[in-house]
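Step one of this worksheet: look at the structure below.
Residue numbers (full-length UniProt numbering): 1 to 539.
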């Protein structure tokens, strides 16, 4: 029935227009903030260790104790997971647009607040930072299901994959901006407040003004998000929500006539017929949903979970790799601000060479190759490179072979982004019914964040040396880096297996994928390719 709604058909076959690009930027700003924040916190934790956990007479600069480090990094993940579930559900209940402004305001306020603290005491600073980072994560979490759903419901079916992937790819710009801004700020402070290296004068190596550096870096993350607030509020509710969930055909036609700049007739009668058709009114916890979309939801949640275990644990090896190849000297040979500068420079280089290109490769090829092929290929190459790093691990640790190790490491990142990291975000926004779309995307994304928590913290302990004496201070013995990489290879292989549960949505309308154009009781959504020679009715 839904396929006959002219307003949805007009969106499906609309040519790429200016409003598509404004929607990408407006929807992408949440991801920009997300990536900026996640990128910067790794720089900030080093600095916080030097400022607040300095030990007089210690050979090395202060570092955050393991439990504090885990809290600072982990609370944002926990907040994101909660936000994805809560705002995903709310987006289907209240409408995408109403909830969209809330998540952005939360991000802006908490980005600014995380740079403030109510005392000079280390415990107070860390508690404040953790509190606001949880709520920052909560807002960012809400942005996942809402941005993906809004973009999928606005896009035409020919280039929908590229548009949703482009929203996600704004993360790449967030990472680059974070890196470049950290380089600029640390350079300015380094030039103005010169300090000796830690091994020359431990106390003087961290100038008092270094306390402003981390605060400025964190607070500036709020700016891009704040700038798009006005446009978010001006964006009309998506036609699919208005027509299929709120059942207001008149409003949907009015909104989309304005956006598409064409005249669309109001089809109240068809919307009424849709309302009366009970075969499409099933809820999330029903046999009908399980029958139609149960395997799809299992596919989207497991693939995102497995991907994020691998993706976030890879970040752990970054600092070891940089130190190993001499990009970052030993901590005691630098002062506090110099350390921020050098780590930012190294991470920006990795982002520029492997992370960012991967995102845009997906944008370029997703509607040609299809989601399934890209996801399968990405998982396959991630598996291959993980085993290639793990099996001859001792070979890679020799000084002469370290460049090869970095190239392989970069390629795993490239194929994560030109692969499952992007597609796991795109697909859940396309294959579920409009009234459950945001909720199901939130569930899939939350499953991914659970994987991120396992990846970031499980592997922090797992990758420790098998000899307790050689493990990092405060950590128990682990299984070593080699065995950890082998485990990750197996995780990626299972990602490849579970990809087979996810249907291909390339070139199909959202209603075709979700089965909302089926009217008989026993119908199942068609996930086989169909011909697409339908034309837009004369408008």
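Think of the CB as a built atom: it goes at the ideal place given N, C-alpha and C, for glycine as much as any other residue. It should be emphasised that the depicted structure is a prediction, and the values quoted were computed from it without experimental measurement.
Looking at residue i: is its Cβ nearer than 8 Å to the Cβ of residue j?
| i | j | result |
| --- | --- | --- |
| residue 91 | residue 438 | yes |
| residue 114 | residue 124 | no |
| residue 501 | residue 376 | no |
| residue 174 | residue 83 | no |
| residue 515 | residue 157 | no |
| residue 444 | residue 286 | no |
| residue 49 | residue 55 | no |
| residue 483 | residue 382 | no |
| residue 456 | residue 43 | no |
| residue 150 | residue 96 | yes |
| residue 451 | residue 295 | no |
| residue 10 | residue 262 | yes |
| residue 495 | residue 89 | no |
| residue 142 | residue 207 | no |
| residue 540 | residue 309 | What the structure shows of the chain is the stretch from 1 to 539, and residue 540 is not part of that stretch, so it cannot be assessed. |
| residue 332 | residue 153 | no |
| residue 75 | residue 163 | no |
| residue 80 | residue 137 | yes |
| residue 240 | residue 8 | yes |
| residue 210 | residue 51 | yes |
| residue 311 | residue 354 | no |
| residue 46 | residue 339 | yes |
| residue 197 | residue 334 | yes |
| residue 38 | residue 103 | no |
| residue 393 | residue 487 | no |
| residue 499 | residue 379 | yes |
| residue 260 | residue 253 | no |
| residue 111 | residue 33 | yes |
| residue 190 | residue 41 | no |
| residue 159 | residue 12 | no |
| residue 243 | residue 5 | yes |
Would DSSP call residue i helix, strand or coil?
| i | result |
| --- | --- |
| residue 530 | Here the model assigns residue 530 a pLDDT of 34, short of 50, so the residue's position is not dependable, and the following value carries that caveat. Coil at residue 530, not helix or strand. |
| residue 153 | helix |
| residue 84 | helix |
| residue 359 | helix |
| residue 418 | coil |
| residue 166 | helix |
| residue 262 | coil |
| residue 233 | helix |
| residue 338 | helix |
| residue 181 | helix |
| residue 401 | helix |
| residue 216 | helix |
| residue 205 | coil |
| residue 238 | coil |
| residue 9 | helix |
| residue 195 | coil |
| residue 281 | coil |
| residue 161 | helix |
| residue 20 | helix |
| residue 135 | helix |
| residue 492 | helix |
| residue 79 | helix |
| residue 120 | coil |
| residue 57 | coil |
| residue 372 | helix |
| residue 464 | coil |
| residue 349 | helix |
| residue 42 | helix |
| residue 309 | helix |
| residue 96 | helix |
| residue 64 | coil |
| residue 14 | coil |
Between residue i and residue j, which are expected to be in contact by the criterion C-beta below 8 Å, what is the C-beta distance as a whole number of angstroms?
| i | j | result |
| --- | --- | --- |
| residue 245 | residue 23 | Rounded, the Cβ-Cβ distance is 19 Å, inconsistent with contact. |
| residue 20 | residue 155 | 7 Å |
| residue 476 | residue 466 | Actually they do not touch by this definition, with Cβ atoms about 11 Å apart. |
Please confirm if residue i has its CB atom under 8 Å from at least one CB of chain C.
| i | result |
| --- | --- |
| residue 8 | Given the protein chain composition of this structure (a single chain), no chain C is represented. |
### Query
Taking one C-beta from the segment 421–429 and one from the segment 356–374 each time, how about it: are there three or more such pairs within less than 8 Å?
yes
### Task
Check whether the segment 341–352 touches the segment 175–191, taking contact to mean three or more Cβ pairs, one atom from each stretch, closer than 8 Å.
yes
### Query
Are there three or more Cβ pairs, one per stretch, closer than 8 Å when the segment 161–172 is compared with the segment 13–32?
yes
### Query
Can you find at least 3 beta carbon pairs, one from the segment 356–365 and one from the segment 411–418, that sit closer than 8 Å?
yes
### Task
Flag this pair as touching only if the segment 64–75 and the segment 214–221 have three or more C-beta atom pairs under 8 Å; answer yes or no.
no
### Query
Is the segment 390–409 touching the segment 336–343, taking contact as three or more C-beta pairs under 8 Å?
No, the segment 390–409 is not in contact with the segment 336–343.
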